[in-house]
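Have a look at the structure below, then the notes.
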Amino acid sequence: MTRRILVTSALPYANGPIHIGHLVEYIQTDIWVRFQRMIGNRCVYICADDTHGTAIMIRAKKEGRSEEDLIADMSGQHQRDFADFHVEFDHYGSTNSDANRQQCHAFWSALRQAGLVTEKSIEQLYDPEAQTFLADRFVRGTCPVSGHKNQPGDNCQCGATYSPTDLIDPKSTLSGATPVIRTAVHLFVQLEKLRSFLTDWIDSSDALQKETANYLKGYFLAEGKELKDWDISRPGPYFGFEIPDSPGNYWYVWFDAPIGYVSSTKEWCDINGESFDDWWRSESTEIHHFIGKDITYFHTLFWPGMLHTAGLQLPTKVHIHGFLNVGGEKMSKSTGTLISAETYRKYAQPDYLRYFYATKLTPRVEDLDLGIDEFVDKVNSDLVGKVVNLASRVGKFAKNTGLSETYPDDGGLFENAASAGDAIAEAYEVGDYSRAMRLIMELADAANPFVEHAKPWEMKNDSDRQDELRDVVTVALNLFRQLAIYLAPVLPTLAEKCSALLGEPITSWDQSKQPLVGTSVEKFQRMMERLQPEDLQKMIDESKETVDAESAADDRPTFNDSDQPLKDEPMSEEITIDDFAKVDLRVARVLTAEHVPEANKLLKLTLGLGGDETRQVFAGIKAAYEPEKLIGRLVVMVANLQPRKMRFGLSEGMVCASGPGGEDVFLLAVDEGAQPGQRVH
RNA sequence: GGGCCGGUAGCUCAGUCGGUUAGAGCAGGGCACUCAUAAUGCCUUGGUCGCGGGUUCAAGUCCUGCCCGGCCUACCA
2 MTRRILVTSA LPYANGPIHI GHLVEYIQTD IWVRFQRMIG NRCVYICADD
52 THGTAIMIRA KKEGRSEEDL IADMSGQHQR DFADFHVEFD HYGSTNSDAN
102 RQQCHAFWSA LRQAGLVTEK SIEQLYDPEA QTFLADRFVR GTCPVSGHKN
152 QPGDNCQCGA TYSPTDLIDP KSTLSGATPV IRTAVHLFVQ LEKLRSFLTD
202 WIDSSDALQK ETANYLKGYF LAEGKELKDW DISRPGPYFG FEIPDSPGNY
252 WYVWFDAPIG YVSSTKEWCD INGESFDDWW RSESTEIHHF IGKDITYFHT
302 LFWPGMLHTA GLQLPTKVHI HGFLNVGGEK MSKSTGTLIS AETYRKYAQP
352 DYLRYFYATK LTPRVEDLDL GIDEFVDKVN SDLVGKVVNL ASRVGKFAKN
402 TGLSETYPDD GGLFENAASA GDAIAEAYEV GDYSRAMRLI MELADAANPF
452 VEHAKPWEMK NDSDRQDELR DVVTVALNLF RQLAIYLAPV LPTLAEKCSA
502 LLGEPITSWD QSKQPLVGTS VEKFQRMMER LQPEDLQKMI DESKETVDAE
552 SAADDRPTFN DSDQPLKDEP MSEEITIDDF AKVDLRVARV LTAEHVPEAN
602 KLLKLTLGLG GDETRQVFAG IKAAYEPEKL IGRLVVMVAN LQPRKMRFGL
652 SEGMVCASGP GGEDVFLLAV DEGAQPGQRV H
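Just so you know, we're using our numbering here: the first sequence kicks off at 2 and counts up by one.
Written out as structure tokens, the structure reads:
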């Protein structure tokens, strides 16, 4: 029976380019969609750009253009990136569309009618200069707990969490202005009222992986705990849709984003003459959302609640995947592992990444790791060494021989691979691509020895053995074709090349069951190049550079630091790392600090380097620091400085500080966590 | 602190309902081959299945305690 399946990936936010972490999801989804089509199901893949919110508004302003202009630009970039990676949508919409506005209205009136909307006044920081309310991340200030400076609005590096209104000396990152507290009315959805529905849904449907269902029931839906009201409005100015019955308020971006799934489907329906109800109101249609674990909460509580209230079908399955790590660590700008789709594309084939991700993806919510060496090995040994090489090693003869009229005896290889099709299909179906790839590679491993033992090279110059040669070619190319078919959801390009070589397009899974015989073969052309580790290194290097440039341009708040200090004390001549290494800087704790009666500028300090190791140091900081206030704090000292005999005693090092002297002396501080005795590198 | 997942060969992992001598790919070593993108084939080295208890005729597999790693979440399921 043909299934009717609607598939979505999460809507990428229009505030940045697609990177290889995003691609895990789109590739995962695209593979599933292609697989479904190959086995004959009706499958429509819908996505859109997520375009609203403060971040977009601010960025547009900074770039001096309209939001519409910005999001049109980003949408173009996103779609180009996806196309490069062979991620093919049936429709790619935008949350800033008429269709989405209409759907938002429909959802909203359903929520209103169901009595789920409530109003509350909340206090929030407001930037009087930028004339906008500030989300937590747009405020920085001094932590009220530890006193750390320049901390974000909701938490501090010391581990404390607080409300942005508690920050000491808060500053808006938008304008630098000091925010004021303003009260505004926000609209909330009372999710608690949907508790029993949600509990039932989680229990009765098998839409969620078991771990996710447990997590939701154990955490959000735990007994004695209320689901919090969901704040779904923002006061203007806000780039988004104004709420019809609450002028001056706009739907929060997370309200209209998932509705984009519905509105984008609606657009697709209108374009293609399809009935919307067939896709969102029909029990016989499956709805599959692919998302990352970070947005689990929105897609498993709010979204089902909204769909339920609006009378639309609930998701059949929410496929949740983990995050991408690179080299065992979180992707980061500084190490160059936050690689954009665009940069990747310059150095490696998209299909390689598709294959690598496929070998790593399972139905579990687990992070996956891209190890550079592993990536190179897998692509080169599996795809090039095993799969493509199978075609390559008989390809040259095939143009002359063509394929035999009947399929020759191959010792059961083709039959075996044909019957493996079901197990491979099952693995794709449940999202266990890792297993699917393993099964396919087993087939590839079995295929190559056939060519080896058949020794076609002994036949090629013997005119009497051309029929034999043709049989060998026929077997090898048919086994290769089976692999290409099974890999087609992952490697559409390879399937195309196989199709071109054999003159028959690969369109369906069942083609793997019947050998191709009696046809001619085109001239063989290389199908894949080996991946060079150096190219990946270049990719990483380039990612470092672009991000550095960006962060210099974008992230740096405007500081107007004077150039006087540098003028007063110009830069010294260059030194080598070895020169620097001679200076042994250590973290030290001030154990005692006292005035030296006879000295004008000096304090006498005892510095602890951990354990019993201490140093006596005379420091010229008397005018700037009270001895009592120094005791206990961590400083940085030059620990291997030659001791110097002073009038008041021996000074066994130096405390690091900046400033011209006198009262303007500033000791170097060390961040939380440093231990006395640690060397400063 | 709590919840979840994991710990099997140097690396990445498989191991179904507990059932013979624990497997694969890659990497390493040896040999062979030359059709192929220094590709491939054959052979081979390599494991106290995190640790300790328990259940059982039988435990990588089940139970339990502990250790380690990851993810999630923090006055806390």
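All C-beta atoms, glycine included, are put in the ideal place defined by N, C-alpha and C.
From a predicted model like this one, the values you see are computed outputs, not experimental measurements.
Have a look at residue i and residue j and give me their C-alpha separation to the nearest angstrom.
i	j	result
Thr407	Val473	12 Å
Glu287	Val190	27 Å
Ala554	Ser335	With a pLDDT of only 44 at Ala554, under 50, the local geometry of the prediction cannot be trusted, and no value is derived from it.
Gly329	Gly22	14 Å
Ala11	Phe36	19 Å
Gly678	Met655	14 Å
Tyr434	Ser521	33 Å
Ser264	Ile57	21 Å
Tyr353	Ser464	40 Å
Arg616	Asp167	41 Å
Asp672	Glu627	21 Å
Leu608	Gly237	56 Å
Gly94	Phe240	17 Å
Thr390	Leu369	Going by the sequence as given, residue 390 is Asn instead of Thr. So the alpha carbons of these two residues sit roughly 28 Å apart.
Val8	His290	6 Å
Pro558	His20	Any reading at Pro558 is ruled out, since the residue's pLDDT is 39, under 50, leaving its predicted position unreliable.
Arg81	Pro351	13 Å
Val1	Val584	Past the boundaries of the shown model lies residue 1; the chain is included only from 2 to 682, so the question cannot be answered.
Lys62	Ile260	26 Å
Gly219	Asp99	39 Å
Ile32	Ile169	50 Å
Ala131	Pro248	21 Å
Asn462	Met529	28 Å
Thr360	Leu404	32 Å
Ala670	Arg138	26 Å
Leu606	Ser333	41 Å
Thr102	Met307	The residue asked about is misnamed: residue 102 is Arg in this sequence, not Thr. Computed Cα separation, rounded: 15 Å.
Ala675	Gly612	15 Å
Phe324	Tyr298	16 Å
Ser197	Glu505	54 Å
Gly621	Val666	9 Å
With distances taken from CA atoms, which of the options is nearest residue i?
i	options	result
Leu112	Pro493, Ala594, His309	His309
Asn97	Leu71, Phe83, Val118	Leu71
Val88	Asp128, Gln467, Pro305, Ile47	Ile47
Trp255	Ala455, Asn326, Asp50, Ile19	Asp50
Leu192	Ala115, Leu517, Thr402, Gly386	Ala115
His454	Leu440, Tyr487, Asp411	Asp411
Thr402	Val518, Ile123, Trp280	Val518
Ile123	Ile321, Leu440, Trp281, Ala136	Ala136
Asp468	Asp446, Ile486, Ala485, Pro409	Pro409
Asp511	Phe134, Asn42, Thr9	Asn42
Ala640	Glu530, Val681, Tyr358, Leu604	Val681
Met39	Ile486, Ala594, Glu530, Val452	Ile486
Val25	Asp542, Val366, Gly422	Val366
Ser285	Arg4, Met438, Val666	Arg4
Leu651	Val618, Trp269, Gln533, Ile296	Val618
Leu492	Ala424, Ser333, Val388, Lys150	Val388
Ser341	Tyr298, Val395, Ala448, Pro18	Pro18
Ala178	Phe134, Cys144, Asn215, Lys194	Phe134
Ile292	Gln210, His92, Thr119	Gln210
Rounded to whole angstroms, how far is the Cβ of residue i from the Cβ of residue j, which I believe are closer than 8 Å?
i	j	result
Leu586	His596	Contact flag wrong, Cβ pair sits at about 26 Å.
His320	Gly422	23 Å between Cβ atoms; not a contact.
Val380	Leu488	Contact flag wrong, Cβ pair sits at about 13 Å.
Thr317	Ala208	6 Å
Ala477	Val452	5 Å
**Message:** Across the segment 224–234 and the segment 343–350, are there enough close Cβ pairs to call them in contact, namely three or more that are closer than 8 Å?
**Reply:** Segment contact: the segment 224–234 against the segment 343–350, fewer than three CB-CB distances shorter than 8 Å; contact not assigned.
**Prompt:** Along the chain, which unbroken stretches of the beta strand (DSSP E) at least 3 residues long are found entirely within the segment 599–655?
**Reply:** Counting only runs of 3+ residues, the beta strand (DSSP E) found wholly inside the segment 599–655 occupies 604–609, 615–620, 635–639, 645–647, 650–652, in chain order.
**Prompt:** Taking one C-beta from the segment 521–538 and one from the segment 66–84 each time, how about it: are there three or more such pairs within less than 8 Å?
**Reply:** Short answer: they don't touch.
**Length at least 4, wholly inside the segment 86–170: the alpha helix (DSSP H) runs in chain order** = Runs of the alpha helix (DSSP H) spanning 4 or more residues and lying entirely within the segment 86–170 occur at 99–114, in chain order.
**Runs of beta strand (DSSP E) lying entirely within the segment 311–368, each at least 3 residues, in chain order** = Given a length threshold of 3 residues, each whole run of the beta strand (DSSP E) inside the segment 311–368 is given here in chain order: 318–322, 325–327.
**Three CB pairs or more closer than 8 Å across the segment 437–447 and the segment 411–423** = Touching, yes, given that three or more Cβ pairs across the two stretches are closer than 8 Å.
**Request:** Inspect the CB distances between the segment 273–283 and the segment 177–191 and report whether three or more fall short of 8 Å.
**Result:** The segment 177–191 and the segment 273–283 do not touch, with fewer than three beta-carbon pairs separated by less than 8 Å.
**Prompt:** Which ranges does the alpha helix (DSSP H) cover as unbroken runs of at least 4 residues, wholly within the segment 198–270, from first to last along the chain?
**Reply:** Counting only runs of 4 or more, we get 211–219.
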